[in-house]
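To keep things clear, I will list the structure first and then write my remarks on it.
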Amino acid sequence: MTAMGRSQAALTFGSNLSDFDVERVRADFPILSKRIYDRPLVFLDSAASAQKPQAVIDAVRHCYEDEYANIHRGVYYLSAQATLAYEAARAKVQRFLNAREDREIIFTRGATEAINLVASSYGGTFLKEGDEVVLSALEHHSNIVPWQLLRDRMGITIRVVPINDAGEFLLDEYEKLLGPRTKLVAVTHISNALGTVTPVAEITRLAHAHGAIVLLDGCQAVPHQAVDVQTLDCDFYTFSGHKLYGPSGIGALYGKADLLQAMPPYQGGGDMIRSVSFEKTEYADIPQRFEAGTPHIAGAIGLGAAIDYVTALDQEKIAAHEQALLAYATDRLSGIPGLRLFGTAREKASILSFTIDGAHPHDVGTILDRAGIAVRAGHHCTQPVMDRFGIAGTVRASFGLYNSFDEVDALAAGIEQVKEIFG
Amino acid sequence: MSDLRDLYQEVILDHNREPRNFCCPPNANREARGDNPLCGDKVTIYLTLEDGVVKDIGFQGRGCAISVASASLMTEMIKGKTAAEAQALFRRFQASMTGEEEVGGTDDLDKLAVLSGVREFPMRVKCATLSWHTLAAALEDAAEKKISTETA
Ligand SMILES: Cc1ncc(COP(=O)(O)O)c(C=O)c1O
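Chains as they are written, first to last, in this note's numbering: chain A, 1 to 423; chain B, 424 to 575.
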């Protein structure tokens, strides 16, 4: 099989390479000029966590150097500055997701905390024994375990939408699972293990038709495409900052205002109250009600900078570049004998999961590492996906906006080395 | 590439392709399971322990070349040893993997020296020691016979 030419791959997906100058983009990321074992770093693990552009590093630094103090508390200048910057970051997330109002955005530690918040606060209040929560077979453990905790607490039932051999969400099977007991549907927008894009608009429409509310896990979606929560009409949407080229320890939960307002706090503490006495505490309005304690102030500001960075580059151009990379990499890798690709959905993001005959993913990961190539090896916190395909794990190469066609070639060369050793 | 060749020596690749004692011995009377939750790999060690001697040993499970080869080499070495000898060997091997001791000196440790390349790959040391930790649990007949790389 001959490799698809790069320019052809680019043309197929409408990306004009001169339009998206990946070399210039790479220069924005200091870590990418690093050498690993005296080889240029080839970073193909952005799905686990993405590298940070200078703009994000600078924003965090600026926060600590110039405008740091606790927020919402001090009457003095610095506290006011920090509060303004923190709230400006919230407004950036609001625009980024096209939420109606900024109070519909809650800062969390990340997607994991956001899902736990919804399961505990919404689920713990509005779900009762016998109610059903529908998940998909593609979910990350963080969108499985919180619902199991709720199941153990409340006696709810978890139903799971299966996937096909390509790793696609089966809409007709999903429809069959929906019924009068279905109260909540929690599904990933893009699978971190396989790259599958799920039909979230249709999933949401069908759930609503059955009176169920919808939470979408957008961790892997926001780095690859523009998201509009009003068009999707989902009830909750969440993502983690660190996968979007922002800091770790910060993420966001979008929730429709009326739902959030009806929900009790998730954690108690400072900043989330109106008044406290030992007899009675009145909770603050949203979003503060869900942001107990001092938040990751610099993290939120860094996330705002990451959003500015991605939107300035243009999300459509990023998507086109990544789709061209995906097409080229898929073609290069599927031409390698003994390499098996997992996740061949018609619509997918730039994530390639694969195994190599006779070589365990960990060994592949170690050999690639010595070539300076960073990939993830294992189950990617999606053991049910691995079980679905009867494997323990895969090697996963995930491509971000800064990856180049040369890096796909480096990966292919690294795989040849694996075959040499394990041949 | 040279340290990769040190890691993936021919003996290791051979044990990975054709693991020895990859079974549950018919008269096994002890077993313990080891898990690496980070990668989902598992190993179960079976022993036939009679009068304090490992009469038979086998293992099953799935894992990377390092963990499979290490388990396979271990079973070859442990068969016929007393429980005390096996525990002593486990401690020496562990010390050699963490760099506290040189590998070698006795026939058994000389054989295990093929795994010494692992020391250059700190992320992989757990792969090499999981089966040994699991063996130790099986020998002790500990109440909790589930070993995890994240607690071991
Ligand atoms: C699809 C998906 N959901 C949820 C998560 C959890 O994100 P975090 O660990 O940042 O909370 C991840 C990250 O691995 C993910 O890929």
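Each residue gets a CB set at the ideal place from its N, CA and C atoms; glycine is no exception.
Which of the residues in the stretch 429-447 of chain B, read from start to end, lie with their CB under 9 Å from any CB of chain A? L430, Y431, L436, N439 and R440
How about B:A488: is its C-beta nearer than 8 Å to some C-beta of chain A? yes
Determine the DSSP secondary structure at A:Y245, reduced to helix, strand or coil. coil
Any C-beta of chain A sitting closer than 8 Å to the C-beta of B:R456? no
Please work out which residues of its chain come closer than 6 Å, Cβ to Cβ, to A:Y76, disregarding the five sequence neighbours upstream and downstream, and give them in chain order. none
Give a single yes or no on whether B:C462 has its beta carbon closer than 7 Å to a heavy atom of ligand 1. no
Excluding the 5 residues preceding and the 5 following A:E132 in the sequence, name in chain order all residues of the same chain whose CB lies nearer than 6 Å to its CB. T157, R159, R181 and T182
Closest to B:K478 by CA distance: which of B:E524, B:P448, B:Q432 and B:L436 is it? B:P448
Mapping DSSP to helix, strand and coil, what is B:G484? strand
Taking 8 Å as the CB-CB cut-off, is B:L461 touching chain A? yes
Beta carbon of A:A111 nearer than 8 Å to that of A:S248: no
Take B:A488 and list the residues in its own chain whose beta-carbon comes closer than 8 Å to its own, dropping the five residues that flank it on each side. Y431, I435, L436 and N439
Length of the line joining the Cα atoms of A:L303 and A:A48: 17 Å
For B:L427, go through chain A and note every residue whose CB falls closer than 7 Å to its CB, in chain order. I367, R370 and I421
With a threshold of 16 other CB atoms inside 10 Å of the CB of B:S425, please say whether the residue is buried or exposed. exposed
Which residue spans inside the stretch 291-361 of chain A form an unbroken beta strand (DSSP E) run of at least 3? 339-342 and 351-356
Whole angstroms are fine: how far does the CA of A:T311 sit from the CA of A:V229? 16 Å
Is the Cβ-Cβ distance between B:T529 and B:L461 less than 8 Å? no
So, is the C-beta of A:M263 closer than 8 Å to a C-beta in chain C? The structure shown contains no chain C; its protein chains are A and B.
Within 8 Å (strictly less), CB to CB, does A:D357 reach chain B? no
Please compile the residues from chain A whose C-beta is within a distance smaller than 8 Å of the C-beta of B:R547. H362 and T366
Between which two residues does the alpha helix (DSSP H) holding A:R181 run? That residue, A:R181, is in no alpha helix (DSSP H); it is neither H nor E in DSSP.
Measuring only between beta-carbons, confirm whether B:I570 sits less than 8 Å from chain A. no
Is the beta carbon of A:I373 less than 8 Å from the beta carbon of A:G338? no
Going by DSSP, what residues sit across from A:I421 in a beta bridge? None, per the DSSP bridge assignment.
Where does the unbroken alpha helix (DSSP H) through A:R205 begin, and where does it stop? V200 to A209
Mind checking A:E347: buried by the 16 CB within 10 Å criterion, or exposed? exposed
Can you have a look at B:Y469 and say buried or exposed, based on whether 16 or more other CB atoms are within 10 angstroms of its CB? buried
Measuring straight from C-alpha to C-alpha, what distance separates B:L538 and A:H140? 35 Å
Kindly examine ligand 1 and report whether one of its heavy atoms sits closer than 7 Å to the Cβ of A:G251. yes
Please go through the stretch 63-100 of chain A and give each complete beta strand (DSSP E) segment of 3 or more residues, from N-terminal end onward. none
Roughly how far, in whole angstroms, is the beta-carbon of A:G167 from the beta-carbon of A:G343, given that I think they are within contact range, below 8 Å? 4 Å
Tell me which residues share the same chain as A:I36 and place their Cβ nearer than 8 Å to its Cβ, disregarding the 5 neighbours each side in the sequence. D369, G372 and A374
Please go through the same chain and pick out, in chain order, the residues whose beta-carbon is closer than 6 Å to the beta-carbon of A:L215, but skip the five residues on each side of it. V118, A186 and F236
Euclidean distance between Cα positions of B:I501 and A:A392: 28 Å
Give me the subset of the stretch 335-347 of chain A whose CB atoms are less than 7 Å from a CB atom of chain B, sorted by chain position. none
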